[in-house]
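Asks:
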Amino acid sequence: MLAHAVRTQGWTFIPSQVLPPLLANTAISAVCYATYLQVLAALDPRSSGALKRVYPPPSFSTTFTAGAAAGAAQSLVAAPFDALQVRFRASELLHGKYSNMWSYAYHKLRAIGLRGIFAGSSLSLCKDSVGYGLFFGTFEFVKSQCFYTFVSQYYGSFGTLSSAKQDLIRSQQTGESSDRIPTIEPHYMIEPIFIMAAGVAASFAQQLVQYPLSRVQEVYHGRLAGIDTGSIDGRGAPRPTALHLYQRAYVKTFRRVVISARRSFQTGPAGLVLWLYHGMLSNTLRQVPSASVGLMAFEVIRRKYALEADVVRIHIESGYDILLA
1 MLAHAVRTQG WTFIPSQVLP PLLANTAISA VCYATYLQVL AALDPRSSGA LKRVYPPPSF
61 STTFTAGAAA GAAQSLVAAP FDALQVRFRA SELLHGKYSN MWSYAYHKLR AIGLRGIFAG
121 SSLSLCKDSV GYGLFFGTFE FVKSQCFYTF VSQYYGSFGT LSSAKQDLIR SQQTGESSDR
181 IPTIEPHYMI EPIFIMAAGV AASFAQQLVQ YPLSRVQEVY HGRLAGIDTG SIDGRGAPRP
241 TALHLYQRAY VKTFRRVVIS ARRSFQTGPA GLVLWLYHGM LSNTLRQVPS ASVGLMAFEV
301 IRRKYALEAD VVRIHIESGY DILLA
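Below is the structure:
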């Protein structure tokens, strides 16, 4: 599709149509991850040193708070781009109303104003802050706390160690450096597996909040075009009732959600829950690969540019340490 567009419209198609949303997504992601790292460092001073490994790791409440702050920052930055996305009509570009995406963004944002840009921002703020709080909190919990617990238990008894590791400990106890505490290292694939599992768990945890709220947002966004048209007078100035129209749209949205749930499933809270989470599993499974790879890349880059620090030693009562480089 992209090759066909370039052949028919030339290479200018990329900077005029493809580059704007690409730059927007990059900027939003950068704000989210940068905010998370900065807030995490402020809440947990041990994480402020940009070390490759922090032991003991920050608590779930700390990483959840940092993730919630990152989600809130992302929600505010993404508000103009979300406003453009929900109002986008391909026919407007195809019929020449706007020459490119830059022109569309400029004229559309100018037309809807600040009220239109931040319409539905309360719902977006709740969705992103809680969603990313669970996202980063779950990721760090599985990647760090669950990993350290597993390693401590799996390698925590001398009798259950492999014969090779037992021989390694004995050789260190009887060797020239017998005055030092013997050390063993876990299998090198254990931590990458936990990182991948953390990405999967984080995606599911995030979708538990974001998916149902996204379904509500879809209903709300369906009313924005009519509100925008009705709240602009002939001179392009917003009417005084525009704010009330956006507020009333929330009430009508929740009424529409209840009606849709009643028609699709059943009345009562059970039907509402079924409607809100309908299709979540398939949607989450489609997002898991990209989320896991993205978190893996995030972790690799964070460690690549981190400062060198002493290795982590987990002491075992049997008389040896588990060494984590």
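Just so you know, the numbering used here puts 301 at position 301 of the sequence shown, and the rest follows in order with no gaps.
C-beta: ideal position from N, C-alpha, C; glycine also.
Which word fits Val257, buried or exposed, when buried means at least 16 other C-beta atoms lie within 10 angstroms of its C-beta?
Replies: As a first step, residue 257 is located in the sequence shown; it is residue number 257 there, counting from the start. With 16 or more other Cβ atoms from the protein chains shown falling within 10 Å of its own Cβ, Val257 counts as buried.
Asks: Check Val54 in the structure and name its three-state DSSP category.
Replies: For the purposes of this step, residue 54 is taken as the residue at position 54 of the sequence shown. In this structure, Val54 counts as coil in the three-state DSSP scheme.
Asks: Pick out whichever of His315, Trp275, Asn283 and Ile195 has its Cα sitting closest to the Cα of Val300.
Replies: For the purposes of this step, residue 300 is taken as the residue at position 300 of the sequence shown. Comparing Cα-Cα distances from Val300 to each of His315, Trp275, Asn283 and Ile195, the minimum goes to Ile195.
Asks: How would you label Gln326, buried or exposed, when you count the other beta carbons within 10 angstroms and need 16 or more for buried?
Replies: This structure leaves residue 326 out entirely; the chain is present only between 1 and 325.
Asks: Does the contact criterion of 3 or more C-beta pairs under 8 Å hold for the region 119–136 versus the region 73–85?
Replies: In short, these stretches touch, since the Cβ pair count reaches three.
Asks: Since Asp321 contacts Thr183 with CB under 8 Å, what's their CB separation in whole angstroms?
Replies: Working through the sequence shown from its first residue, we reach residue 321 at position 321. Working through the sequence shown from its first residue, we reach residue 183 at position 183. Yes, they are in contact, since the Cβ atoms of Asp321 and Thr183 sit about 5 Å apart, within 8 Å.
Asks: With distances taken between CB atoms, is the gap from Gly67 to Leu19 smaller than 9 Å?
Replies: If you number the sequence shown from 1, residue 67 lands on position 67. If you number the sequence shown from 1, residue 19 lands on position 19. The answer is no: Cβ separation not under 9 Å.
Asks: Please report the straight-line C-alpha distance between Ala198 and Thr35, rounded to a whole angstrom.
Replies: Walking along the sequence shown from the start, residue 198 turns up at place 198. Walking along the sequence shown from the start, residue 35 turns up at place 35. Their backbone Cα atoms lie some 20 Å apart in a straight line.
Asks: Can you grab the Cα-Cα spacing for the pair Ser171 / Leu323, in whole Å?
Replies: Residue mapping note: residue 171 aligns to position 171 of the sequence shown, counting from 1. Residue mapping note: residue 323 aligns to position 323 of the sequence shown, counting from 1. Spanning the two alpha carbons is a distance of roughly 16 Å.
Asks: Under three-state DSSP, which class holds Arg235?
Replies: Numbered from 1 along the sequence shown, position 235 holds the residue referred to as residue 235. With a pLDDT of 47 at Arg235, under the threshold of 50, the predicted position of this residue should be treated as unreliable, though the coordinate-derived value follows. Here Arg235 sits in coil by DSSP.
Asks: Return the bridge partner residues of Asp44 from the DSSP annotation.
Replies: Position 44 of the sequence shown, counted from the start, is the residue given in the question as residue 44. Its beta-bridge partners do not exist; DSSP assigns none.
Asks: If you draw a straight line from the C-alpha of Phe254 to the C-alpha of Val216, how long is it?
Replies: By one-based count along the sequence shown, residue 254 stands at place 254. By one-based count along the sequence shown, residue 216 stands at place 216. Cα-Cα distance, rounded: 8 Å.
Asks: On the premise that Gln74 lies in contact with Tyr132, defined as a C-beta separation below 8 Å, what is that separation, rounded to the nearest angstrom?
Replies: In the sequence shown, counting from the first residue as 1, residue 132 sits at position 132. In the sequence shown, counting from the first residue as 1, residue 74 sits at position 74. About 7 Å separates the two Cβ atoms, so the contact holds.
Asks: What is the DSSP secondary structure of Tyr104, reduced to helix, strand or coil?
Replies: To locate residue 104, count along the sequence shown from 1; it is residue 104. Tyr104 falls in the helix class under three-state DSSP.
Asks: Look up Thr183 in the DSSP assignment and say whether it is helix, strand or coil.
Replies: Reading the sequence shown from its first residue, position 183 is the one you call residue 183. Residue state, collapsed to three classes: strand.
Asks: Let me confirm a value: Tyr305 is counted as buried when at least 16 other C-beta atoms fall within 10 Å, else exposed. Which label applies?
Replies: Translated into positions along the sequence shown, residue 305 becomes position 305. With fewer than 16 Cβ atoms within 10 Å of its Cβ, Tyr305 is classed as exposed.
Asks: Give the range of the alpha helix (DSSP H) segment to which Leu324 is assigned.
Replies: Counted from its first residue, the sequence shown places residue 324 at position 324. Careful: Leu324 lies outside any alpha helix (DSSP H), inside the beta strand (DSSP E) at Tyr320 to Leu324.
Asks: Over the uninterrupted beta strand (DSSP E) stretch that includes Ile316, give me the two end residues.
Replies: The residue you call residue 316 lines up with position 316 of the sequence shown. Taken as a continuous stretch (DSSP letters only), the beta strand (DSSP E) holding Ile316 covers Val312 to Ile316.
Asks: Give every residue of the same chain whose Cβ lies closer than 6 Å to the Cβ of Ala201, excluding the five residues on either side of it in the sequence, and list them in chain order.
Replies: Along the sequence shown, read from residue 1 onward, the residue named residue 201 stands at position 201. Contacts found: Thr138 and Val142.
Asks: Whole-angstrom Cβ separation of Glu191 and Phe147, contact assumed at under 8 Å?
Replies: For the purposes of this step, residue 191 is identified with residue 191 of the sequence shown, where counting begins at 1. For the purposes of this step, residue 147 is identified with residue 147 of the sequence shown, where counting begins at 1. Sure, about 6 Å apart at Cβ, within 8 Å.
Asks: Three-state secondary structure (DSSP) at Ala68?
Replies: Position 68 of the sequence shown, counted from the start, is the residue given in the question as residue 68. Ala68 falls in the helix class under three-state DSSP.
Asks: Leaving out the 5 sequence neighbours to the left and right, which residues in its chain are closer than 6 Å to Pro57 when beta-carbon positions are compared?
Replies: As a working mapping, residue 57 is identified with position 57 in the sequence shown. Result list for Pro57: Ser144 and Gln145, in chain order.
Asks: Phe44: which of Phe64, Ala27 and Ile193 sits nearest, CA to CA?
Replies: Counting from 1 along the sequence shown, the entry for residue 44 is found at position 44. One detail in the question is off: residue 44 reads as Asp in this sequence, not Phe. Among Phe64, Ala27 and Ile193, the Cα nearest to that of Asp44 belongs to Phe64.
Asks: Closer than 7 Å by C-beta to Ala325: which residues in its own chain qualify, once you throw out the five before and the five after it? Chain order, please.
Replies: Taking the sequence shown and counting its residues from 1, the one referred to as residue 325 is at position 325. Correct list, in chain order: Val311.
Asks: So, using beta-carbon positions, are Ser129 and Ala72 closer together than 9 Å?
Replies: For the purposes of this step, residue 129 is taken as the residue at position 129 of the sequence shown. For the purposes of this step, residue 72 is taken as the residue at position 72 of the sequence shown. Yes, Cβ-Cβ distance for Ser129 and Ala72 is below 9 Å.
Asks: So, for Phe158: in the same chain, excluding its five sequence neighbours on each side, which residues have a beta-carbon less than 6 Å away from its beta-carbon?
Replies: Position 158 of the sequence shown, counting from 1, holds the residue named residue 158. If we look at Phe158 and ignore the five residues flanking it on each side, its Cβ neighbours are Ser318.
Asks: Quick one: Cα of Ala83 to Cα of Val151, how far?
Replies: In the sequence shown, counting from the first residue as 1, residue 83 sits at position 83. In the sequence shown, counting from the first residue as 1, residue 151 sits at position 151. Each residue's CA atom was taken as its position, placing Ala83 and Val151 some 47 Å apart.
Asks: Check this for me: beta carbons of Lys52 and Arg303, under 9 Å apart or not?
Replies: By one-based count along the sequence shown, residue 52 stands at place 52. By one-based count along the sequence shown, residue 303 stands at place 303. For Lys52 and Arg303, yes; Cβs fall inside 9 Å.
Asks: If we count the other Cβ atoms within 10 Å of its Cβ and call it buried at 16 or more, is Val54 buried or exposed?
Replies: Here residue 54 is taken as the residue at index 54 of the sequence shown, counted from 1. Per the 10 Å Cβ criterion, buried.
Asks: Tell me the rounded alpha-carbon separation between Trp102 and Phe60.
Replies: Here the question's residue 102 lines up with position 102 in the sequence shown. Here the question's residue 60 lines up with position 60 in the sequence shown. C-alpha of Trp102 to C-alpha of Phe60: approximately 41 Å in a straight line.
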